[in-house]
Amino acid sequence: MNTSELLSALIIASERAGNIARICRLDENLLSLLVQEKKDSEKNPSKTLSEALYSPVEVSSNIENDLPQLPNNLGVWIDPIDSTAEYIRGGLCMEQDFILSGLPCVTVLLGVFDMDSGNPLIGVINQPFYKEESNGSVSQSRISKYVV
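In structure tokens:
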């Protein structure tokens, strides 16, 4: 698998995670269940909202399907909901033209690294709530890609 194919697969996986995050935000009942899961798990700091949202087995299986020929010396790092508090609170706080907090700050992070050296090789940052449509119900993503 070449770098371009690997990057494309990471982008697809980030969009899949972003779509799930958007769907969960649209359903108040589901969101309240996830927030309760987060509160109940605070006694165990390793349990996060992202773990409640995404089964590690499901994420691993999807990545393996997207990246079937990933060399053994490469690892994939996934943070399906970075900025969990922003995700739970939602909204938007701006000052002049700068977004200070809110859903646009939530990201899905995926990275590929060399497991021997620990060095990052490729990264994808997806902001699934970057821009709301005029009807306020659908968000557009913004994706940034990094290749070392």
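Numbering (UniProt numbering), first residue to last: 1 to 148. Ideal Cβ placement from N, Cα and C applies to all residues, glycine included.
Would you mind reading off the limits of the beta strand (DSSP E) that contains Cys93?
If you number the sequence shown from 1, residue 93 lands on position 93. Per DSSP, Cys93 belongs to the beta strand (DSSP E) from Leu92 to Glu95.
Residues in the same chain with beta-carbon distance under 8 Å from Thr3, minus the five sequence neighbours each way, listed in chain order, please.
To locate residue 3, count along the sequence shown from 1; it is residue 3. Ile122 and Val147, listed in sequence order.
Pro80 by DSSP, collapsed to three states: which one?
The count along the sequence shown starts at 1 and reaches residue 80 at position 80. Strand at Pro80.
Segment limits, beta strand (DSSP E) that includes Gly102
For the purposes of this step, residue 102 is identified with residue 102 of the sequence shown, where counting begins at 1. Segment Phe98 to Gly102, the beta strand (DSSP E) holding Gly102.
Give the straight-line distance between the Cα atoms of Val59 and Ser139, rounded to the nearest whole angstrom.
Numbered from its first residue, the sequence shown carries residue 59 at position 59. Numbered from its first residue, the sequence shown carries residue 139 at position 139. Caution is warranted here: a pLDDT of 49 is assigned to Val59, below 50, making its placement in the model unreliable, and the coordinate value is therefore given only provisionally. Using only the alpha carbons, I get a separation of about 22 Å.
Between the beta-carbon of Val112 and the beta-carbon of Ser14, is there less than 8 Å?
For this step, residue 112 is matched to residue 112 along the sequence shown. For this step, residue 14 is matched to residue 14 along the sequence shown. No; because the gap between Cβ atoms is not below 8 Å, this pair is not in contact.
Within 10 angstroms of the Cβ of Val57, are there 16 or more other Cβ atoms? Answer buried if so, exposed if not.
Translated into positions along the sequence shown, residue 57 becomes position 57. Here Val57 scores only 41 on pLDDT, less than 50, and its place in the model is too uncertain to base an answer on.
Proximity of Ala17 and Val108 at Cβ, strictly below 8 Å
For the purposes of this step, residue 17 is taken as the residue at position 17 of the sequence shown. For the purposes of this step, residue 108 is taken as the residue at position 108 of the sequence shown. Contact: yes.
Identity of the residue in Ser32, Val106, Lys131 and Asp97 nearest Asp79 by Cα:
Your numbering for residue 79 matches position 79 in the sequence shown. The candidate whose alpha carbon is nearest that of Asp79 is Val106.
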